[in-house]
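Report on the structure given below.
In our numbering, the protein residues as written are 1 to 95.
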């Protein structure tokens with residue numbers, strides 16, 4: 001924690017006088033198969049998911065962002081995202 005705060009103080013000297021009120025360690029969402037979820041939410045026309053990349057989310061962000069932008073704008077992407085489809089976790093509909 002102190003190492004991170006010291007780095008922040010070097011980058012933003014004006015925060016040296018600031019008081020840290022609270023801090024937290026953020027959760028990193030992962031899926032059972034360790035692959036991200038990327039695509040349209042099943043059953044919804046205008047809802048999209050881009051989650052589950054875990055600790056590599058920051059590294060995958062450019063590709064995830066490009067893919068989601070492509071999907072929303074053109075309903076397709078040139079990137080190989082088939083293995084990341086949200087449908088792989090969809091529960092079967094009783095009928």
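Here a beta-carbon is modelled for each residue, glycine too, at the ideal position from N, C-alpha and C.
Can you give me the C-alpha to C-alpha distance between residue i and residue j, rounded to a whole angstrom?
i          : j          : result
residue 11 : residue 47 : 37 Å
residue 68 : residue 82 : 13 Å
residue 36 : residue 53 : 5 Å
residue 44 : residue 8  : 41 Å
residue 18 : residue 55 : 29 Å
Looking only at its chain, what residues have a beta carbon closer than 6 Å to the beta carbon of residue i, apart from the 5 residues adjacent to it on each side?
i          : result
residue 57 : none
What residues in its chain sit with their C-beta under 7 Å from that of residue i, if we drop five residues either side in the sequence?
i          : result
residue 1  : 23
residue 76 : 70
residue 4  : none
Going by beta-carbon coordinates alone, are residue i and residue j separated by less than 8 Å?
i          : j          : result
residue 39 : residue 80 : no
residue 32 : residue 51 : no
residue 90 : residue 13 : no
What residues are listed by DSSP as bridge partners for residue i?
i          : result
residue 54 : Answer is none; residue 54 lacks a bridge partner.
residue 49 : 39
Along the beta strand (DSSP E) that carries residue i, what are the first and last residues, could you check?
i          : result
residue 40 : 37 to 40
Ends of the alpha helix (DSSP H) at residue i?
i          : result
residue 81 : Per DSSP, residue 81 belongs to no alpha helix (DSSP H) and is neither H nor E.
residue 10 : 2 to 11
Might you give, ordered along the chain, the residues of its own chain that have their beta carbon closer than 8 Å to the beta carbon of residue i, omitting 5 neighbours on each side?
i          : result
residue 66 : 77, 79
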